[in-house]
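Peer 1:
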Amino acid sequence: MFLDIRGLLRLERWRFRLQSILTSFWFIPLVIGAAGCVAALIALELDQWTALQELLGHHFFREIQPDTARSILSTIAAATISATSIVYSLSLLIRNLAATSLGPRLVQDLRQDRLTRLTLGMQLAVFTYSLTILYYVGTFIETRTISIGVAILLVIVALSFLVVFVNHITDQVSVDHIVARVAGNLQDALQSHLKDAKSTEALALPAPKPANGAIIFADAEGYVSSVSYEAIVDAADDSIRVIEMLVQPGDFVIKRKPLARIDCEEMPDGFAGLVRDAVILGSSRTYFQDLPARFRLLVEIGLRALSPGVNDVFTAVACANHLAASLALLDGRDLTPAIQWNEKRDVMLVPQPMHFEVVVASVINPLRQAGKEVFVMNEALLRTLGDLAAASIKPELREIYEHHAHLVAESALMTDLQDEERSIIHGLLRRVEERGAEGKKIERELKNRRAARQS
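Residue numbers for the sequence shown follow full-length UniProt numbering, beginning at 1 and rising by one.
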């Protein structure tokens, strides 16, 4: 059985590598560029079809001399390779600006921009198409209407991509656009997570028992990129009933750090090595299973904006606003992966928890600490927490938001503020508490409506 599971784990690792390749900066341009060569060979074959010439007529199939064809194709190839260098230069410039002003980890998000990769691919496709046709000019008969016409059509398409790309790049220079893009990716990932969590909530799972037995330790170091929970459950021995994971995606693992714990004292043969194989380690955090990393990216942009070297407080305020929108989307639900349960074999895997209050603290605390001497930032945080408290109908969430509002107010009042600014801070704190009271009213109204429907 272990051999089958190890084969599945190898497939899982290859799938992870394939995802990395598909989202890399070079894959799509190379594939589209190679497609240009294939399209050129097809166009050359179509040029030689006499049946197609008779069908379309001599008005369409006009003879083009080799010198004319070479001139057209040489011009197209030179223009497209110049356009390719422009696209590369602009994309690298945007990456450099983003890494310098907003944070180096933002480059990982920007390199996945689909329009940039498609534009590069189109320029390379036209270039390879033109070179391939140019190589065969003079080896066949002089009729080259389809191949040359397709080249001109591809140039028009590539130029259209280039114009749209330049407009797209001008938007990417805007800090607000970058922040909104990162926030949009975060919310898309959260919606996908909530959709998966909703599908597992309907399952009637037994209460997990504590695993107080043998511990599996790591034999390598790196960031946890991905964990194959299903493979671990399928590989569990009949003596194992509960597997408790002690790490989660995003954690940094060193040698001999505990990875998992089982509920039996003796470790089954080969199971520890299989768990180590199921925990994929990498040199940096990734976004495949690591949702807190997407939160951290927005927090990092806000912290960089609050640094003395940048001093762009309104970018930090924008980050706080988008983070609040993501917290409102979560609405108190944890980021903990779903419990894996093999009902036939009665084996359960309990992932490492990531509770909502921990997520809120990881978002609010760094911004509060970095912006405690910036009145505008404190004001924005208090307004944001007030909105979250009012939008929440769960009492435990209102307590979390009110707690962080008190921390923000205390940090702000410890600094040198004018009397008017102090009164604003006190007023915003009261607003958070009042918004919490409004949330209680909404909660009571919803309970009354539910009771009325049931009756």
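Glycine residues also receive a C-beta, built at the ideal position from the N, C-alpha and C atoms.
State the CB to CB distance for the pair residue 348 and residue 242, rounded to an integer number of angstroms; the pair is presumed to be in contact (CB under 8 Å).
Peer 2: The Cβ separation is near 5 Å, so the contact holds.
Peer 1: Give every residue of the same chain whose Cβ lies closer than 7 Å to the Cβ of residue 215, excluding the five residues on either side of it in the sequence, and list them in chain order.
Peer 2: For residue 215, where only same-chain residues beyond five positions count, the Cβ hits under 7 Å are 258, 261.
Peer 1: Hey, would you say the C-beta of residue 365 is under 7 Å away from at least one heavy atom of the ligand HEM?
Peer 2: The ligand HEM is not part of this structure, which contains no ligands at all.
Peer 1: Please work out which residues of its chain come closer than 7 Å, Cβ to Cβ, to residue 165, disregarding the five sequence neighbours upstream and downstream, and give them in chain order.
Peer 2: Closer than 7 Å at the Cβ level, and outside the excluded window around residue 165, lie 87, 115, 116, 119.
Peer 1: Within this structure, are the beta carbons of residue 462 and residue 223 separated by less than 8 Å?
Peer 2: Nothing in the structure corresponds to residue 462, since the chain is present only between 1 and 455.
Peer 1: Using 8 Å for Cβ pairs, my map puts residue 44 next to residue 133. What's the rounded Cβ distance?
Peer 2: Yes, residue 44 and residue 133 are in contact; Cβ-Cβ is about 7 Å, under 8 Å.
Peer 1: When you compare the CB positions of residue 372 and residue 412, do they come within less than 8 Å of one another, or not?
Peer 2: The answer is yes: Cβ separation under 8 Å.
Peer 1: Give the secondary structure of residue 311 by DSSP, where H, G and I count as helix, E and B as strand, and everything else as coil.
Peer 2: Coil.
Peer 1: Go to residue 221, then tell me how far its beta strand (DSSP E) extends in each direction, as first and last residue.
Peer 2: It is not in any beta strand (DSSP E) - residue 221 carries neither H nor E in the DSSP assignment.
Peer 1: Ordered along the chain, which non-local residues of its own chain (more than five positions away) have a Cβ less than 6 Å from that of residue 36?
Peer 2: Counting only Cβ-Cβ distances below 6 Å, and skipping sequence neighbours, we find 125, 128, 129.
Peer 1: Could you tell me whether the Cβ atoms of residue 77 and residue 131 are closer together than 8 Å?
Peer 2: It is a contact, given that the beta carbons lie within the stated cut-off.
Peer 1: Helix, strand or coil for residue 333? Go by DSSP, reduced to three states.
Peer 2: Note: residue 333 maps to coil in three-state DSSP.
Peer 1: Am I right that residue 178 and residue 47 are in contact with their C-beta atoms under 8 Å? What's the rounded C-beta distance?
Peer 2: Contact flag wrong, Cβ pair sits at about 47 Å.
Peer 1: Between which two residues does the beta strand (DSSP E) carrying residue 340 extend?
Peer 2: Where residue 340 is concerned, the enclosing beta strand (DSSP E) stretches over 340 to 342.
Peer 1: Would you say residue 301 and residue 106 are within 8 Å of each other, going by their C-beta atoms?
Peer 2: Contact flag set, yes.
Peer 1: Between the C-alpha atoms of residue 229 and residue 256, what's the straight-line distance to the nearest angstrom?
Peer 2: Going from the Cα of residue 229 to the Cα of residue 256 covers about 20 Å.
Peer 1: Taking all protein chains shown into account, decide if residue 163 is buried (16 or more other Cβ within 10 angstroms of its Cβ) or exposed.
Peer 2: With fewer than 16 other Cβ atoms within 10 Å, it is exposed.
Peer 1: Can you tell me whether residue 91 is buried or exposed, with buried defined as 16 or more other CB within 10 angstroms of its CB?
Peer 2: With 16 or more other Cβ atoms within 10 Å, it is buried.
Peer 1: Drop a sphere of 10 angstroms on the beta-carbon of residue 414, count the other beta-carbons inside from all chains shown, and report buried for 16 or more, exposed for fewer.
Peer 2: The residue is exposed, with fewer than 16 neighbouring Cβ atoms inside 10 Å.
Peer 1: Grouping DSSP H, G and I as helix and E and B as strand, with all else coil, what is residue 293?
Peer 2: Looking at residue 293 - three-state DSSP - the assignment turns out to be helix.
Peer 1: Tell me whether the beta-carbon of residue 333 lies closer than 8 Å to the beta-carbon of residue 197.
Peer 2: Going by C-beta atoms, residue 333 is nearer than 8 Å to residue 197.
Peer 1: Put residue 150 into one of helix, strand or coil per three-state DSSP.
Peer 2: Reduced to three states, the DSSP call for residue 150 is helix.
Peer 1: Check each candidate in 379, 350, 335, 292 and name the one with the smallest Cα separation from residue 318.
Peer 2: The candidate whose alpha carbon is nearest that of residue 318 is 379.
Peer 1: Is the distance from the Cβ of residue 232 to the Cβ of residue 148 below 8 Å?
Peer 2: Contact: no.
Peer 1: With distances taken from CA atoms, which of 248, 396, 386, 409 is nearest residue 433?
Peer 2: The candidate whose alpha carbon is nearest that of residue 433 is 386.
Peer 1: Leaving out five residues before and five after residue 157 in sequence, what residues of the same chain have Cβ atoms less than 7 Å from its Cβ?
Peer 2: Excluding sequence neighbours, residue 157 sits near 122.
Peer 1: Return the residue from the list 402, 420, 421, 28 that minimises the CA-CA distance to residue 431.
Peer 2: Residue 402 is the option with its Cα nearest to residue 431.
Peer 1: Taking C-alpha atoms, which residue in 245, 189, 422 lies nearest to residue 288?
Peer 2: Of the listed residues, the one whose Cα sits closest to residue 288 is 189.
Peer 1: Note down the Cα distance separating residue 98 from residue 345, rounded to an integer number of angstroms.
Peer 2: So the two alpha carbons sit approximately 51 Å from each other.
Peer 1: Please classify residue 225: is it buried, with 16 or more other beta-carbons within 10 angstroms of its beta-carbon, or exposed?
Peer 2: Per the 10 Å Cβ criterion, buried.
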